[in-house]
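Anchor point for the sequence shown: position 129 equals 1049 in the numbering used here, and the numbering is continuous, going up by one each time.
For glycine and all other residues, C-beta sits at the position ideal for the given N, C-alpha and C.
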Amino acid sequence: MKIKKILVANRGEIAIRVFKTAKKLGIKTVAVYSTADRNAPHVQMADEAVCIGEPPSNQSYLLGDKIIKVAQELGVDAIHPGYGFLSENANFSQKVDDASLIFIGPKPFAIKTMGSKLAAKEAVKKYKIPMVPGIDKAVLDPKEAIEIAKEIGFPILIKASAGGGGKGMRIVEKESELKSQMERAISEATSAFGDGSVFIEKYIESPRHIEIQILADSHGNVVHLFERECSIQRRHQKVVEEAPSAILTEAIRTKMGEAAVNVAKSCNYLGAGTVEFLMDAQMNFYFLEMNTRLQVEHPVTEWITGLDLVEEQIKIAQGEALSFSQSDLQIKGHAIELRVYAEDSLNDFMPSIGTLSTYKPPSGKNIRVDDGFKEGMEIPIYYDPMLSKLITYGKTRDEAIVKMIEAIDNYQVEGIETTLAFGKYVCQHAAFQSGQFDTHFVKDYYTPEVIHKHYNKEAEIAAKIALKMYIEERHLLKIPKHKSRAAIKNLFHK
Ligand code: MV4
921 MKIKKILVAN
931 RGEIAIRVFK
941 TAKKLGIKTV
951 AVYSTADRNA
961 PHVQMADEAV
971 CIGEPPSNQS
981 YLLGDKIIKV
991 AQELGVDAIH
1001 PGYGFLSENA
1011 NFSQKVDDAS
1021 LIFIGPKPFA
1031 IKTMGSKLAA
1041 KEAVKKYKIP
1051 MVPGIDKAVL
1061 DPKEAIEIAK
1071 EIGFPILIKA
1081 SAGGGGKGMR
1091 IVEKESELKS
1101 QMERAISEAT
1111 SAFGDGSVFI
1121 EKYIESPRHI
1131 EIQILADSHG
1141 NVVHLFEREC
1151 SIQRRHQKVV
1161 EEAPSAILTE
1171 AIRTKMGEAA
1181 VNVAKSCNYL
1191 GAGTVEFLMD
1201 AQMNFYFLEM
1211 NTRLQVEHPV
1221 TEWITGLDLV
1231 EEQIKIAQGE
1241 ALSFSQSDLQ
1251 IKGHAIELRV
1261 YAEDSLNDFM
1271 PSIGTLSTYK
1281 PPSGKNIRVD
1291 DGFKEGMEIP
1301 IYYDPMLSKL
1311 ITYGKTRDEA
1321 IVKMIEAIDN
1331 YQVEGIETTL
1341 AFGKYVCQHA
1351 AFQSGQFDTH
1361 FVKDYYTPEV
1371 IHKHYNKEAE
1381 IAAKIALKMY
1391 IEERHLLKIP
1401 KHKSRAAIKN
1411 LFHK
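Structure (structure tokens):
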């Protein structure tokens, strides 16, 4: 069935991203919005828009039933959930199905299976997927936990089955800490997820986070679109992502790709998904979890493969077979994404609220900016503080890095603090440039002082330029020379 009208159950840059492809394909678009987003670009861009509630997301963007009702009333064929909000909610996917609408994403079974770490481990068992040494069932008895931990060796990691994104994880260094840490993990998981199941894994101390993009259609075809390197993160919030990874060999890439395809097959996956792996210093990789949605960082994969992932999602959702096979795919060039957050990198990355008094993103060849704001807008406090995604491309990794630094320099934002300078610091860092880094990059190398230094350097340059102009043009002021000289001296003694 050809999709003729899509509703996006989301906001900001990802709603706009989906609308762009819908328009390209001649598909009508419907936006939903909260009262905080009344004048947002995603609302203006859609053919139709419906207000669904108050700013807090549980009173608007999370109201699945209400969104489905809007879709039915407006004759919508399909709902795209974007990322976050309802995108990994198996219940919502089921309800969309039940309402005879198309959910642009996987079936409830796949979302449910991959939403539980233990169910995911169970599902992939019939394939030979490399897994972190550990136990694949819930542990309740501390005595049993100690036996398991001794077998795999400390340090170990206690994880919540229902957790994700680092929530509910506890590192245990030695036996004497295990019992109390486990009790805390169980009670934390119970209150946070309503599911106290925890399990134990060997703790991989300095891993890289590498993920594989996959596509699966409804005809049994599954391909992978290579990897994204996502190790540069801060408190489980990704900061810089790139494709391909600077360190993968062709042989490992093929092995990881095959493993990812098998993970997708293990849950009858449909659509675009991402399989996350940890990689240790010896380049061993381990399956971590699967994200059953289009991810924030999908643009880097689009750039190196030449595919439009939203277009592929839509075609798959309307029952088409993939128009290419694995052997048709190859990596071309290198792409890097910087997530620009409305956060103050000098003040512990506190959300920076205010009005975008100046907002001029860079543009040009090999630069892509996915954003959802316009100059003059206020950044709502209710949602994710991501301002935009700045993506650059080059034939080589070095070219993409140079392009990124140039693009950051040409990005003008005033009125709020952003992580642009922080991103520049990362891109200029020797460890990043060499490709030798792991998930501890930010913790290991970043302190606010390095950004202070950067700002001071810029202030110094600005002051020197101002001084030079002043010296050149002071005759216009008709101040006696000896007096202005004294004034300059004074300036430097303050
Ligand atoms: C791990 C790990 C080390 N060893 N598992 C963090 C989020 C969740 N997806 C799994 N995570 C980790 N699991 C074992 N056995 C380290 C992390 C981890 C991490 C993973 C990817 C990216 C950033 C991270 C930051 C801290 C910890």
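Quick one: any contact between the stretch 1203-1210 and the stretch 1270-1282, if contact means 3 or more CB pairs under 8 Å?
no
Option in Glu1319, Ser1354, Glu1337 with minimal Cα separation from Glu1298
Glu1337
Just confirm the distance between the C-beta atoms of Ser954 and Ile972, as a whole number of angstroms; I'd bet it's less than 8 Å.
7 Å
Nearest-angstrom beta carbon gap, Tyr1365 and Ala1351 [assumed within contact, 8 Å]
Contact flag correct, Cβ pair sits at about 7 Å.
Is the distance from the Cβ of Ile1132 to the Cβ of Gly1191 below 8 Å?
Contact: no.
Helix, strand or coil for Asn932 per DSSP?
Before going further, note that residue 932 is Gly rather than Asn in the sequence given. Three-state result, Gly932: helix.
Rounded to whole angstroms, what is the Cα-Cα separation between Gly1292 and Thr1194?
24 Å
Touch test, the stretch 941-956 against the stretch 1029-1042, Cβ-Cβ under 8 Å, three pairs minimum
no
Go ahead and pull the three-state DSSP assignment for Glu1295.
coil
Of the listed residues Ala1136, Gly1226, Lys1285, Phe1113, nearest to Lys1030 (C-alpha basis):
It should be noted that the sequence gives Ala, not Lys, for residue 1030. It is Ala1136.
In the DSSP assignment, the alpha helix (DSSP H) including Ser1245 goes from what residue to what residue?
That residue, Ser1245, is in no alpha helix (DSSP H); it is neither H nor E in DSSP.
The ligand MV4 and Val899: does any heavy atom of the ligand fall closer than 7 Å to the residue's C-beta?
With the chain represented from 921 up to 1414, any question about residue 899 goes unanswered, as that position is not in the structure.
Starting from Ala1029 and walking both ways along the beta strand (DSSP E), at which residues does that stretch end?
In the sequence under discussion, the amino acid at residue 1029 is Phe, which differs from the Ala named in the question. Counting along the chain, Phe1029 falls outside any beta strand (DSSP E), though it belongs to the alpha helix (DSSP H) covering 1028-1035.
Are the CB atoms of Leu1021 and Leu982 nearer to each other than 8 Å?
no
What whole-angstrom Cβ distance do Ala1010 and Glu1162 have, given they're in contact under 8 Å?
Not a contact, Cβ separation roughly 31 Å.
Contained alpha helix (DSSP H) runs [length at least 4] in the stretch 987-1064, N- to C-terminal order
1010-1018, 1028-1035, 1037-1043
Comparing C-alpha positions only, which one of Glu1257, Ile1091, Tyr1303, Glu1170 sits nearest to Val1118?
That would be Ile1091, whose Cα lies nearest to the Cα of Val1118.
Below 8 Å on the Cβ atoms is my guess for Ile1287 versus Ile1251; work out the distance and round it to an integer in Å.
About 20 Å; that fails the 8 Å criterion.
How many Å lie between Leu1168 and Lys986 at the Cα?
45 Å
Mind checking which residues open and close the alpha helix (DSSP H) that includes Glu1319?
1317-1329
Bridge partners of Ile1120, per DSSP?
For Ile1120, which the question treats as bridged, DSSP gives the partners Ile1078.
Can Glu1121 be considered in contact with the ligand ATP, in the sense that its beta carbon sits closer than 7 Å to one or more heavy atoms?
The model on display carries the ligand MV4 but not the ligand ATP.
DSSP three-state assignment for Ala1163, whether helix, strand or coil
strand
Taking Cβ to Cβ, would you say Tyr1313 is nearer than 8 Å to Lys1323?
Less than 8 Å divides the Cβ of Tyr1313 from the Cβ of Lys1323.
So if DSSP puts Glu1257 in a beta bridge, which residue, or which two residues, is it bridged to?
Glu1161, Ile1311
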